[in-house]
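Below is one structure, written out as structure tokens; comments come after it.
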Amino acid sequence: MSAELANILRELIEKERLSALAVSANGFAFDPRSGQSFTVNHTGVATMELLLANHSIESTVGVLAKQYEMPTDVVLGSVEVFIRQLARYLA
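Position 33 of the sequence shown, counted from 1, bears residue number 32 in numbering that gives the first Met the number 0, the numbering being contiguous throughout.
Structure follows, in structure tokens:
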């Protein structure tokens with residue numbers, strides 16, 4: 000995991016951008032700051048739940064890799080892309 004990715008996540012958390020999202024179990028997410036909404040798949044919901052529960056990126060990757068029986072490096076790549084997309088969307 001890169002320090003850049005950790006910084007992106009830290010910024011989302013510190014600015015309360017991530018915690019401000021309202022996310023339903025079926026993947027509907029609403030950003031009250033912008034009034035925009037978007038959807039994520041079930042893996043995205045699981046990722047957001049873990050990150051919102053203050054799991055580190057490493058912990059999130061480990062939980063998801065075990066839950067979905069996927070190699071850690073594959074999950075890390077997906078989590079990286081997901082966090083970067085969230086950061087762009089919530090900027």
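Glycine included, each C-beta is placed from N, C-alpha and C at the ideal position.
Classified as buried, G43 has 16 or more neighbouring CB atoms from the shown chains inside 10 Å of its CB. With a contact defined as Cβ atoms closer than 8 angstroms, I56 and L4 qualify at about 7 angstroms. Taking the CA atoms as reference points, V73 sits about 32 angstroms from P31. Counting of Cβ neighbours within 10 angstroms places V80 among the exposed residues, the total staying below 16. Relative to the Cα of T38, the nearest Cα in the group L51, L50 and A24 belongs to A24. Scanning its chain for C-beta atoms nearer than 8 angstroms, with the 5 sequence neighbours on each side dropped, one finds around A28 the residues L20, A21, V22, S36, F37, T38, V39 and M47, in chain order. Every unbroken stretch of the beta strand (DSSP E) spanning 3 or more residues and falling wholly within the stretch 19 to 87 is given here in chain order: 27 to 30 and 35 to 38.
Distances from the CA of S33 to each of S77, R16, Q84 and G26 were compared; the closest alpha carbon is that of R16.
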